[in-house]
Amino acid sequence: MAKGKYQKWLEPDGLLLLEGWARDGLTDEQIAKNIGCSVRTLYGWKERYPQISQSLKKGKEVADYQVENALFKRATGYEATETRVEEYEGEIKTVTTTKPVPPDVTAQIFWLKNRRPDKWRDKPEPASSPDQEKAASKLFDALEKEEPE
């Protein structure tokens with residue numbers, strides 16, 4: 193009996209490759225192309241074989257968390273360690289320096305707009321007062337009465 197094309201992707205090396213592609217940010221369509229199948233086939237395999245689905249999820253989660261952590265670090269600032277090799281009076285030394293990297297305003301804006309859109313969107317929704325709501329209600333009532341039947 194011939195093995196299905198999916199069998200290769202259920203083996204440890206195949207699952208690791210799928211996870212790596214997902215971690216690298218490839219879409220399901222791109223992963224299906226790399227496998228040599230249609231995206232519908234890949235979706236079927238994900239439903240039928242939990243190992244394939246888990247490998248893809250795990251890879252995507254890792255990448256998402258890495259990017260999220262990098263964005264947060266950039267938004268809040270951090271210390272960077274720089275190592276360089278210097279020659280001084282014929283002697284070679286390794287010098288390590290720690291430098292502060294200030295917070296990045298663009299990263300802060302991106303973070304806040306996505307994490308707290310209720311407070312940080314470009315055009316906040318104006319809060320309506322009870323008086324405005326009553327006026328709007330009266331206007332709608334008046335318009336309904338004027339409509340011809």
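When you number the sequence shown by our numbering, it's gap-free, plus one each residue, and the end is 341.
Beta carbons: idealized from backbone N, C-alpha and C, even for Gly.
Every value quoted in this text rests on a predicted model; they were computed, and no experiment measured them.
Would you mind giving the Cβ-Cβ distance between residue i and residue j, rounded to the nearest angstrom? I have them listed as a contact below 8 Å.
| i | j | result |
| --- | --- | --- |
| alanine 255 | arginine 215 | 5 Å |
| tryptophan 213 | isoleucine 223 | 5 Å |
Mark residue i as exposed unless 16 or more other C-beta atoms lie within 10 angstroms of its C-beta, in which case mark it buried.
| i | result |
| --- | --- |
| isoleucine 301 | exposed |
| serine 247 | buried |
| isoleucine 284 | exposed |
| glutamate 211 | buried |
| leucine 218 | buried |
Helix, strand or coil: how does DSSP classify residue i here?
| i | result |
| --- | --- |
| proline 294 | coil |
| glutamate 325 | helix |
| threonine 233 | helix |
| arginine 276 | strand |
| glutamate 239 | helix |
| methionine 193 | Because methionine 193 sits at a pLDDT of 36, beneath the cut-off of 50, its placement in the model cannot be relied upon, and the following sentence gives the value as read from the coordinates. The answer is coil: DSSP assigns methionine 193 none of H, G, I, E or B. |
Let's see if you can read the secondary structure: which residues bound the alpha helix (DSSP H) around residue i?
| i | result |
| --- | --- |
| threonine 268 | 242-268 |
| glycine 228 | Counting along the chain, glycine 228 falls outside any alpha helix (DSSP H), and DSSP gives it neither H nor E. |
| lysine 311 | 309-312 |
For chain C, find out if any of its Cβ atoms is closer than 8 Å to the Cβ of residue i; answer yes or no.
| i | result |
| --- | --- |
| glutamine 300 | Included in the structure is just one protein chain, with no chain C present. |
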